[in-house]
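Notes follow once the structure below has been shown.
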Amino acid sequence: GLEQATDFNREEAAQFITSYFEKYPKVKQYIEATKQQARDQGYVQTVLGRRRYIPEINSSNRQLREAAERMAINMPVQGTSADIIKLAMISVHREIERRGLESRMILQIHDELVFEVPPREVEEMKSLVVDLMPTALKLSVPLKVDIKVGKNWGEAG
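Under the working numbering, the first residue of the sequence shown carries the number 109, and numbering increases by one thereafter.
Set out below in structure tokens:
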């Protein structure tokens with residue numbers, strides 16, 4: 109995959125991956141532990157306990173098994189990210205209602221939220237979002253929030 113996504117040849121891609129795991133050995137440990145958990149339990153889960161069952165993880169078909177391993181590796185991180193954004197959405201929506209604001213949450217795209225905000229509420233909404241989103245789920249690492257403002261989504265990007 110790295111070879112296809114970059115200008116690396118197969119040997120350069122393999123060397124890059126080896127160097128990466130030498131520099132960040134805990135990433136390799138996480139990957140192996142996650143694959144083993146999937147093999148042993150038949151599922152992986154998010155930080156909040158939402159499960160994804162992966163029956164193909166023990167398949168004798170190499171392609172099916174490798175695809176299942178990729179799912180097992182990605183799901184806990186991507187699923188936890190999805191859980192966090194949903195919790196943040198609930199928290200922000202409740203606070204908008206509590207304050208009686210006219211601002212509206214109109215769209216979620218992966219880990220981004222798009223709001224329609226009257227000009228007089230922009231500063232309050234920026235503060236609200238920066239305060240609430242990073243606290244949606246208490247983690248051992250900080251969550252960072254970036255805010256962009258524009259008259260439309262293209263302008264804010």
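Glycine included, C-beta positions come from ideal geometry on N, C-alpha and C.
Original post:
Under the three-state reduction of DSSP, which class applies to E120: helix, strand or coil?
Top reply: As a working note, residue 120 is residue 12 in the sequence shown. Shown here, E120 sits in a helix according to DSSP, grouped into three states.
Original post:
Helix, strand or coil for I193 per DSSP?
Top reply: As a working mapping, residue 193 is identified with position 85 in the sequence shown. The answer is helix: DSSP assigns I193 an H, G or I state.
**OP:** Take T154 and list the residues in its own chain whose beta-carbon comes closer than 7 Å to its own, dropping the five residues that flank it on each side.
**Re:** Sequence index remark: in the sequence shown, residue 154 carries index 46 (1-based). In chain order, P184, G187, T188 and D191 place their CB closer than 7 Å to the CB of T154, counting only its own chain and leaving out the 5 sequence neighbours on each side.
**OP:** Let me know the secondary structure DSSP gives R206 once reduced to three states.
**Re:** In the sequence shown, the residue the question calls residue 206 occupies position 98. Helix at R206.
Subject >> Between the CA atoms of V135 and S127 - distance to the nearest angstrom >> reply: For this step, residue 127 is matched to residue 19 along the sequence shown. For this step, residue 135 is matched to residue 27 along the sequence shown. As the crow flies, the alpha-carbon of S127 is around 12 Å from that of V135.
Original post:
Alpha carbon to alpha carbon, what distance is there between N182 and F124?
Top reply: Residue mapping note: residue 124 aligns to position 16 of the sequence shown, counting from 1. Residue mapping note: residue 182 aligns to position 74 of the sequence shown, counting from 1. Using only the alpha carbons, I get a separation of about 20 Å.
**OP:** Compare the Cα-Cα distances from Q149 to each of P163, V257 and E224 and report the closest residue.
**Re:** Start at 1 with the first residue of the sequence shown, and residue 149 comes out as number 41. Selected option, being the one with the closest Cα: P163.
Subject >> Those residues which DSSP pairs with Y161 across a bridge >> reply: The residue given as residue 161 occupies position 53 in the sequence shown. Paired residue(s): Y151.
Original post:
Does any C-beta atom of chain B lie closer than 7 Å to the C-beta of D115?
Top reply: Chain labels in this structure do not include chain B; a single protein chain is all it has.
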